[in-house]
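All remarks here apply to the structure that follows.
Protein chains: 2
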Amino acid sequence: MSKPNSPVKFLSESASVDSLSTEPLPNSQKIYVTGSRADIQVAMREVSQSPTQQQDGSLEENPPVRVYDTSGPYTDPSVEIDVRKGLSPLRDNWITERDDCEELAAFSSNYTQHRAQHIGLEALRFHTTRKPLRAKAGKNVTQLHYAKQGIITPEMEYIAIRENLALEEAAIAEANAQQHPGESFGANTPAYITPEFVRSEVAAGRAVIPANINHPESEPMIIGRNFLVKINANIGNSAVTSSIEEEVEKLVWSTRWGGDTVMDLSTGKNIHETREWIVRNSPVPIGTVPIYQALEKVDGIAENLSWEIFRDTLIEQAEQGVDYFTIHAGVLLRYVPMTAKRVTGIVSRGGSIMAKWCLAHHKENFLYTHFEEICEIMKAYDVTFSLGDGLRPGSIADANDEAQFAELRTLGELTKIAWKHDVQVFIEGPGHVPMHMVKENMDEQLKHCHEAPFYTLGPLVTDISPGYDHFSSGIGAAMIGWYGCAMLCYVTPKEHLGLPNRDDVKEGIITYKIAAHAADLAKGHPASQLRDNALSKARFEFRWEDQFNLSLDPDRAREFHDETLPKDSAKVAHFCSMCGPKFCSMKITQEVRDYAAQNPESVESPETHFAKAGMEEMAEKFKASGSEIYHEV
Amino acid sequence: MSKPNSPVKFLSESASVDSLSTEPLPNSQKIYVTGSRADIQVAMREVSQSPTQQQDGSLEENPPVRVYDTSGPYTDPSVEIDVRKGLSPLRDNWITERDDCEELAAFSSNYTQHRAQHIGLEALRFHTTRKPLRAKAGKNVTQLHYAKQGIITPEMEYIAIRENLALEEAAIAEANAQQHPGESFGANTPAYITPEFVRSEVAAGRAVIPANINHPESEPMIIGRNFLVKINANIGNSAVTSSIEEEVEKLVWSTRWGGDTVMDLSTGKNIHETREWIVRNSPVPIGTVPIYQALEKVDGIAENLSWEIFRDTLIEQAEQGVDYFTIHAGVLLRYVPMTAKRVTGIVSRGGSIMAKWCLAHHKENFLYTHFEEICEIMKAYDVTFSLGDGLRPGSIADANDEAQFAELRTLGELTKIAWKHDVQVFIEGPGHVPMHMVKENMDEQLKHCHEAPFYTLGPLVTDISPGYDHFSSGIGAAMIGWYGCAMLCYVTPKEHLGLPNRDDVKEGIITYKIAAHAADLAKGHPASQLRDNALSKARFEFRWEDQFNLSLDPDRAREFHDETLPKDSAKVAHFCSMCGPKFCSMKITQEVRDYAAQNPESVESPETHFAKAGMEEMAEKFKASGSEIYHEV
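Respectively, the protein sequence lines represent chains A and B. Heads up, the first sequence is in UniProt numbering, so the first residue is 1 and it goes up one at a time. Heads up, the second sequence is in UniProt numbering, so the first residue is 1 and it goes up one at a time.
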C-alpha cells in the first residue's frame, strides 16, 4: 500500500476526511463575492498581512492579498464536511432553470443498474437518492451551445469574477501597471475579464467550461489560452495498490493545494463506486478515461472491447457527473505501424489499448468510426471532450515524430465534428520533448486544432530523471504554458516508478502551480504579479509570517525556516540562518535605503551631492542612520 | 544544527567522510582514459547494463554507458580516502614542468601567518607541510596566457577527452546521429572536441579553466558556452549554524551527485581553516567570495573594509588554492541610488557590502579602483575572475532594470581589462527573472561582455515558491543554459529560508543536473542524448535495474519503485504499481511490436496488407503472437 496503515476495506458508514485537509490555510479567510444574482457566490481566499513598521515607528497597512482558490468548501470552517453526504450542489438552480433537461426515473446504463443490485457492494457504496439528469429530447445542454446562442450563463459570470480575483476594473488596471508587460505569443487576454468575454471565448471554441449537469457540486472554472493557466492532478487506484478512502483523501488534498481539475484514472477494483465518492465530493471538474473501465469490463482483454460496452460506459459515467472524457479517437489503424521503429513505442495506456484492438480486428478504431454517436451522448450531459494523444512520444528520441503529428491532425478534424454538435473540446499533448522542440508542439496544435485549448502532460525535457520527473516535466510545462497551453497535467515524483501517494500528489501539484504561475507572469496575465510583489515586499521587510503565508506552501516555508531558527523571535529577526545577521544583504540594503531616504538629493546624483556636502559630515550622517537597524518589532 | 548529531567541535585527528559518500554508484565502475602522455588519466564513470532478451529467447548485449563524473577518487574503491591527508595532487607535474612558478618559503599573507601561530586552532587545523606556489617574477601562469601563446596544456587535453566521454570521433558521430539537431543560438560546439578547440576557446575568452596552481588536486574542467553546461554547488557555514566536518561532508556529497565546481561561502567561524580542509579534499575547482572573509576580519562593519585588508585576503586564499574569486567590482557609487526604488533593493551580499562602503566613504568601490592590482594577483596563481552581479534583481519586479544592466556593462569593461592581463574571466548573472525576460539577460551579457562565459543563479521565474525555489529557479536555469549560459549556480529548497543541509544540497544538485542536461539536449551537444536513449530503451524493455542505474539518482529511483513493489521479482515484471499488469502501455506496445515484426509487410501499409490477407487468419495470427507476452526473464 502507498499509505502504510490505511484500511484495505472502505466502509461508507465511517468515511471521513483527514482534518489536515480541511484546516483553513494560515492567516487566510474564505470570502464569497456575490455576482449579479444572489446565488452567484464566487469563492476565493484572502491572505491578510501584518503592517510595515516605518523608520519613524509608525505602521503602514499592507492590504490583504486575494488568491485563486480551488479548495471549495473544505477550507471554510463554517461548512460542516461529511463526505458521506457529499458537497452541496451549488449549480442546481442554474441547471434546472434553463429548463432544457429532465430528471430520469432510473440510471440508463445497464452496468450501473447491475452494480446497484449487487448486495456485496453495500458497505462501500456512496448512498444517494440522486436521480440523473439528461437533456430533453432534441435539446443541447452544453456551455458551448449556450455561448453560441449569445447566452451568458451564471457559470460564465462566476468564472469572470473568479479570474479577476473579484477585483474591480480599476484595481486590476492598477495591479497590472505594477507588473512587466508579457509576451503572449498571440494570446489576447484583455486587461479585465468580463462575462461577455468568457462567453465569446467559449463560443469561439478557444476555451471550455467542463460542467456536467450531473456534477452540480463543482465550482465553475475555465480552460483556455486567454485565462489563467490551469493544472490537473491525476488520482485513482490501480490493481496493485490503494483504496477508495485514499482516493477521496487524494481528491481533497489535490484541491487544497491548487488542482484545478482532477482526473480519476482508477484501473483497479470498484471503479464505479470509487468514482461516485469522488464526484459527489469534488468542488472541481472530474475527468476520466472511459476506456480504462471498459477494459476492466472485458477482463483486460483489449480484443474483446466493443462499441456497445464502451457506449454503456460513457452513459454510466456521464450520469455520475464526470465533466470530461479522454477519448483516444485519433489512434487510427494506419498510424500504428508508424510507432514500430520508436524507442518507446506507444506509451499512452488508452493509445496502446486501441492500437491493440485495431490490429486484432483489422478494423478502424471504433472511437473514430462512432465519433458522432459519442458527440450525441456528450451534448446530452455537457461532457467535454479531452481528445487523447494516444501516440504521444514517451522518450526524447520519439519527440515530434510522424506518428505524433499524424494523430494531432486527426484530432483537429475531430474537433470540427464535435463543434458541429456544439460539444466542447480540448486536445491532449505530450509527453517527452526536448526544450527546443516544445514550441513546435504548441504551434502545430494551434494550427491543426483551430485554437481549441491544449492540455499537455509535462512535457518532460529529459528522460534521465526518474524520481524527479515532476521537475523535468515541470520545465516543459512552464514553457508550453507560456507558449499558450491552457492546462498542464501534473507529473509526480513517482512517474515511471509507481503509484503516487498523498505526499507525491502534493509535490506534483506545487511543482505545477509554480509552472502555471510562471507561465501567467510570462504571458502578462492581468494582476498575476500581484502575489509575487506582495511576497517580495514582505521578504524585504522581514515580515517572515507574511512571507510564509503568501507562498504556495506556507507549511513547508515555515518548517524549513524553523529547522534552524525555531524561536518566535526569529520570525521578526532581520536575518535568517543562511547568511546570519552580519551578512544579510536585505538588512544592509535597508541601511542604504534609509540613507537615501534621509538624503533625497543623493538619489539624483551621488557624486555632485557628495561633492556639495562635506565628506566627513556625510559619513557621520550615514553611520548614524545605519547604526541601529536591528530593531525588534 | 542542520544535521542533528554532528559534533559541534571538529577534531582534525578524527576527521572522516561518511561511507555513504564514497560507495561506488550501483553497477558503475570508475575508468581512467590515458591521454597523449601517461600522466593524463581522465576519470569517468561507466554504467554497465544487462542484455535484452529477444523474442527467440536469445540475448542482445547492451553496451555500457559512460557518464561525466565529478566525484573524483571518492567513488574509486581502489583509492584509500583519508580527508586528513587530502587528495593526491594529480596536476603537480604539469604545473612544475612549465617552470614558470616558484615554491615560496612561507605564506605571503599576514593573516595566514597570524592564524598559523594560533595554538588554539591546532585541533581543527588541516595539517600539511605544503608550501605555496606563485608565478616567478614577470611570469603569468594562467591557462589563458598559455592558450594565447598557442600552448595546449595537459589540462586542455584532459578536458577534451572528458567532454567527449573519451569516445572516439566515430563513436561520437554515431551517437550524435541518434539525437535531435539542437538550436544553439549561435554557440558553435563542434561534432568532436579536440584539445586544440579547447585551447582556441580559452584563448578567445569564450571559456575558462579554473585551475589555481595551488590546487593541484582538482581534475581539469571547462566552463564555456561551447561545452557541456556545468553546475555549481554552494556550501559553507554561517554564524548561525554548521561545522567544518559538515562542510567537508557537503563538499564530497556535492561532487558525488554532479557538482562541477563548489563555492565555499562560509561567513561563520574559522573560515580560513574550513577552506583549507575543503580545498585539500576537493576534486573540483573551488570558488569563494573573498569580501565575506574580509568583512569578518573587520567584525562585520562594512565601513571598516579597506583595500589592504582585502588584498591580504586575496593572497591568503590564492595561496590556499581557491580557483575562482567572485569580485563585486561593478557596483559603482553612481549605481547605488538606482536601487532605491526597487522592491527588494540589493540582494547580493557582496553587492550590499560594497554599496554600504561606497556610501559610507563617498568613494568609488575600491574593487573597481584597484582592479588592475587584483589582476596582478590573479595571474600570479591563475585564479579566475567571477565578476559578481552585486546589483542582480532579487524579485520579479526588479528584473532587467537600470541598475542591473548598468552594472553588466561595467563588468564588460572590466572583462577587457582582465583579458589585457591574460586573466580568465566569467560573469555572474541573476537572480529573479520572469521567463519571457530571461533571454534578454543572455543576449545583453553576450553583447556587453564580449562572449565571456555567463554564470547565473537560477534565475527564479517566480517569487511565490519558498521551500521550492530549487525548482522555480531550475526552470530559469534550464532556459538560460539552453540560450548559452555556461554554468548554473544551484539553488536549494532552503533558499530564502535557511542554511541548506546535506539533503538540501543533493536536492539542489540533482535539480540542476536536470536543468543542465536539458540545456545540453536543446543545444544539441554531441552525444548528450546517449544516456536518455539508453535509459528509455531500458524502460521500454522493463530492465528496471538498468533504468535505475542510468538515472541521475539511482538510489531514489529504486527506493520509489520498491515502495510499492519491493520484491525482486518485480524488478523483472513487465509493469509497475502505477498502472498494474493489464494497463501497462509498454507491455501492450510490445505485443503490437511483436506483431509488426512478424508481419513486416503490415508496416508498409496495413490496409492493403490486411485486405490481402484473410481477416480471420490474421486475427488468429496476432492473438497467438500477443498471447504469452508476460515472460519472466
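Ideal Cβ placement from N, Cα and C applies to all residues, glycine included.
{"Item": "Every unbroken beta strand (DSSP E) within the region 354-420 of chain B, with a cutoff of 3 residues, ordered by chain", "Value": "384-387"}
{"Item": "Neighbour list for F540(A) in chain B, Cβ cutoff strictly below 7 Å", "Value": "V343, T344 and G345"}
{"Item": "Cβ neighbours of D553(A) in the same chain (closer than 7 Å, five flanking residues each side left out)", "Value": "I510"}
{"Item": "Local conformation of E13(B) per DSSP, three classes", "Value": "coil"}
{"Item": "Whether L333(B) touches N365(B) by CB criterion (9 Å)", "Value": "yes"}
{"Item": "Contained alpha helix (DSSP H) runs [length at least 4] in the region 191-274 of chain B, N- to C-terminal order", "Value": "195-203 and 244-257"}
{"Item": "Stretch pair the region 523-538 of chain B + the region 480-493 of chain A: three plus CB contacts closer than 8 Å", "Value": "no"}
{"Item": "Proximity test, Cβ basis, 9 Å: E245(B) and chain A", "Value": "no"}
{"Item": "Min CB distance residue 634(B) to chain A below 9 Å", "Value": "Missing from the structure shown is residue 634(B); chain B here goes from 1 to 633 and no further."}
{"Item": "Cutoff 9 Å: C584(B) Cβ touching any chain A Cβ", "Value": "yes"}
{"Item": "Minimum Cβ-Cβ distance from T511(A) to chain B less than 9 Å", "Value": "yes"}
{"Item": "E103(A) - partner residues in DSSP beta bridges", "Value": "L133(A)"}
{"Item": "Secondary structure of Y111(A), DSSP reduced to three states", "Value": "helix"}
{"Item": "Outcome for Q178(A) when other beta-carbon atoms lying within 10 angstroms are tallied against a minimum of 16", "Value": "exposed"}
{"Item": "Burial state of Q598(B) (16 or more Cβ within 10 Å)", "Value": "exposed"}
{"Item": "Strand pairing of Y324(A), partner residues [DSSP]", "Value": "G287(A) and T384(A)"}
{"Item": "Same chain, Cβ closer than 7 Å to I193(A), five either side skipped, listed in chain order", "Value": "A160, E163 and N164"}
{"Item": "Collapsed DSSP secondary structure at Q29(A) in the structure displayed", "Value": "strand"}
{"Item": "CB contact flag (N27(B), K537(B), <9 Å)", "Value": "no"}
{"Item": "Chain-ordered neighbours of E402(A) on chain B, where CB pairs are closer than 7 Å", "Value": "Per Cβ cutoff of 7 Å: no residues; E402(A) is ~13 Å from chain B at best."}
{"Item": "V438(A), enclosing beta strand (DSSP E) - first and last residue", "Value": "No beta strand (DSSP E) contains V438(A), which is instead part of the alpha helix (DSSP H) from V438 to H448."}
{"Item": "Cβ neighbour criterion (16 or more within 10 Å) applied to Y512(B)", "Value": "buried"}
{"Item": "Outcome for P606(A) when other beta-carbon atoms lying within 10 angstroms are tallied against a minimum of 16", "Value": "Here the model assigns P606(A) a pLDDT of 47, short of 50, so the residue's position is not dependable, and the following value carries that caveat. Counting Cβ neighbours within 10 Å, P606(A) comes out buried, since at least 16 surround it."}
{"Item": "C-beta neighbour in chain A for E249(B), strict 9 Å", "Value": "no"}
{"Item": "Inter-residue CB distance, R206(B) and N226(B) (contact presumed, cutoff 8 Å)", "Value": "7 Å"}
{"Item": "Residues from the region 442-473 of chain B in contact with chain A, defined by Cβ distance under 8 Å", "Value": "V461, T462, D463, I464, S465, P466, G467, Y468, F471 and S472"}
{"Item": "Exposure of G186(B), with buried meaning 16 or more beta-carbon neighbours within 10 Å", "Value": "exposed"}
{"Item": "Under 8 Å from the C-beta of E183(B): neighbouring residues of chain A", "Value": "H436"}
{"Item": "Proximity below 9 Å, CB of A355(A) to CB of V343(A)", "Value": "no"}
{"Item": "Residues, ordered as in the chain, of the UniProt region \"Disordered\" (44-64) of chain B that lie near chain A by beta-carbon distance below 7 Å", "Value": "none"}
{"Item": "Nonlocal neighbours in the same chain, by C-beta distance under 6 Å from G224(B), ignoring five residues either side", "Value": "E201, R206, A207, P453 and A486"}
{"Item": "Contact set for T608(A): own chain, Cβ-Cβ below 7 Å, skip 5 residues either direction", "Value": "Because the pLDDT of T608(A) is 47, which lies under 50, any placement of that residue in the model is unreliable, and the question is left without a value."}
{"Item": "Cα-Cα separation, N234(B) to A171(A)", "Value": "42 Å"}
{"Item": "Sequence-distant residues of the same chain with beta carbon closer than 7 Å to H370(A), five excluded per side", "Value": "W307"}
{"Item": "Residues bridged to E428(A) (per DSSP)", "Value": "Y455(A)"}
{"Item": "Cβ neighbours of residue 639(A) in the same chain (closer than 6 Å, five flanking residues each side left out)", "Value": "The question about residue 639(A) has no answer, for chain A in this structure spans 1 to 633."}
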